[in-house]
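Colleague: If you count by mature numbering (1 follows the signal peptide of the UniProt record, and there is no 0), then the sequence shown holds residues -22 to -1, 1 to 100, one letter each, in order.
In this text, a Cβ means the ideal position worked out from N, Cα and C, and glycines have one as well.
What follows is a structure written as structure tokens; I'll ask about it next.
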Amino acid sequence: MYKLLLTIFLFACCLGSSSAHYKVDTQTELQMTFSYAYIRVEGKFLSKKLKVRVDLGDSDEQIAEGEKLSEILTNKKSYAAILNYMSKIGYELVNTFDLTDNYNGSGGTSGIIYVMKKAEEN
């Protein structure tokens, strides 16, 4: 009888302590929202500089901010410089896509698209 009570007591203590370690705060996860940026980067004709178009959304302030970022990032010479700048202002890379062209059976990459996100608190 003593061994049975001791086993039940130890089992209850272990069960209680292991469940205490996995407490998840779901309220903070629900409050986290993201804004996304769609960044199209292409090379300029006969130049090493890049042409950048940033799309942040449809609202007037998102369009204005996207145009401002497009002006800042256009004429950079490096794809990494664009990623570094966006990272400094809080964006994180989500995905990349290649822009490809095909002409008379030959083709190649003409640019790249970055999809980035930025965490915003409500």
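If we count Cβ pairs, one from each stretch, closer than 8 Å, do we get three or more for the stretch 70 to 79 versus the stretch 40 to 52?
Modeller: no
Colleague: Using the Cα positions of L24 and F12, report the straight-line distance between them to the nearest angstrom.
Modeller: 37 Å
Colleague: Tell me the start and end of each unbroken beta strand (DSSP E) in the stretch 11 to 74 that is at least 3 residues and wholly inside, in chain order.
Modeller: 28 to 33
Colleague: If we call anything under 8 Å between Cβ atoms a contact, is I90 one with Y16?
Modeller: no
Colleague: Check the C-beta distance from E39 over to L77 and give it rounded, since I have them as a contact under 8 Å.
Modeller: Going by Cβ atoms, the distance from E39 to L77 rounds to 28 Å, so no, they are not a contact pair.
Colleague: Where E43 and R31 are concerned, what is the direct C-alpha to C-alpha distance, given to the nearest angstrom?
Modeller: 11 Å
Colleague: Out of curiosity, what's the CA-to-CA distance linking residue 147 and Q9?
Modeller: Outside the shown range of the chain (-22 to 100) lies residue 147, about which nothing can therefore be said.
Colleague: I need the straight-line Cα distance from M64 to T74, nearest angstrom please.
Modeller: 14 Å
Colleague: For I60, is the classification buried or exposed, using 16 other Cβ atoms within 10 angstroms of its Cβ as the cut-off for buried?
Modeller: It counts as buried.
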